[in-house]
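Below: the structure, in structure tokens.
In this note's numbering, the protein residues as written are 3 to 265.
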């Protein structure tokens with residue numbers, strides 16, 4: 003996916019939703035020490051920016067240097083490009099030593115990972131027994147019944163062009179592999195539901211849809227998903243109540259857990 007996100011880095015930074023303070027407050031409340039957080043798949047630094055206000059130091063890694071170049075420059079955040087598949091030695095060199103990280107976050111990305119290998123690395127680098135790992139995704143924006151019904155048809159047409167990993171987003175991370183213990187105060191690892199909102203006009207909504215990997219894959223195959231008919235359907239639905247700006251609500255689904263005591 004690195005090549006795809008390189009191509010849409012600027013648009014991705016401008017149009018994708020931010021994450022709400024409530025999400026980070028919940029996550030931080032589960033980490034008793036806040037010395038070091040590792041944000042994996044950091045992209046343009048959306049999560050790293052929020053973590054920087056809660057943790058003493060943040061390491062934000064991504065395979066796309068173009069994405070990292072768009073991230074905010076903050077005194078306690080270190081950005082690091084990594085290879086798609088890192089070894090333990092590379093984790094130690096690029097991120098942190100063994101058992102030294104208080105929190106790992108993965109925003110809208112863990113479904114792309116080689117999970118068994120990544121979780122092995124997470125176990126290695128997290129503090130024992132209180133190191134926390136938090137992975138979340140968001141599902142498409144919800145506006146109103148008219149717009150959402152047009153979107154539902156558009157989404158069905160896009161499905162053949164999604165990577166199979168997209169299933170985990172549709173499933174709201176319920177069935178994704180997550181072999182960790184519940185954090186303090188919880189009896190399961192989620193998903194816990196949050197939401198974020200973004201104001202959009204129709205043009206920015208179309209720009210958001212065009213940043214999708216499924217849309218880009220369709221174009222590579224010579225298929226335009228936003229045909230004139232689909233655009234007309236969206237315009238009709240969008241303008242039913244006067245058009246202009248609308249608030250899109252993005253549901254967020256969080257999986258969160260902690261590592262156990264070494265045996």
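Glycine included, C-beta positions come from ideal geometry on N, C-alpha and C.
Item                                                                                                                                                                                                : Value
Could you compute how far the alpha carbon of residue 197 sits from the alpha carbon of residue 230?                                                                                                : 31 Å
Span of the alpha helix (DSSP H) holding residue 126?                                                                                                                                               : 117-127
So, helix, strand or coil for residue 152, using DSSP?                                                                                                                                              : helix
Starting from the C-beta of residue 247, find all residues in its chain whose C-beta is less than 6 Å away, skip the five residues before and the five after it, and write them out in chain order. : 201 and 203
For residue 46, collect the residues of the same chain with a Cβ closer than 6 Å to its Cβ; drop the 5 residues on either side in sequence, then sort them by chain order.                          : 15, 69, 72 and 73
Assuming residue 61 is part of the alpha helix (DSSP H), what are its boundary residues?                                                                                                            : Run containing residue 61: none in the alpha helix (DSSP H); it sits in the beta strand (DSSP E), 59-64.
Quick check on the burial criterion: 16 or more other C-beta atoms within 10 angstroms. Buried or exposed for residue 87?                                                                           : exposed
State buried or exposed for residue 113, treating a residue as buried only when at least 16 other CB atoms are found within 10 Å of its CB.                                                         : buried
Please determine, among 22, 215 and 111, the residue with the shortest C-alpha to C-alpha distance to residue 170.                                                                                  : 111
Could you work out which residue in 213, 57, 84 and 124 is closest to residue 44 when comparing CA atoms only?                                                                                      : 84
On the CB-based measure, 16 or more other CB atoms within 10 Å of its CB, does residue 220 come out buried or exposed?                                                                              : buried
Taking the beta strand (DSSP E) that residue 201 falls in, what are its first and last residues?                                                                                                    : 194-202
Within 10 angstroms of its Cβ, does residue 151 collect 16 or more other Cβ (buried), or is it exposed?                                                                                             : exposed
Hey, residue 236 and residue 19 are a contact pair by Cβ (cut 8 Å); roughly how many whole angstroms apart?                                                                                         : That belief does not hold up - the Cβ atoms of residue 236 and residue 19 are roughly 19 Å apart, past 8 Å.
Would you list, in sequence order, the uninterrupted beta strand (DSSP E) runs of no fewer than 3 residues that lie entirely inside the stretch 38-97?                                              : 38-42, 59-64 and 79-83
Going by DSSP in three states, residue 220 sits in which element: helix, strand or coil?                                                                                                            : helix
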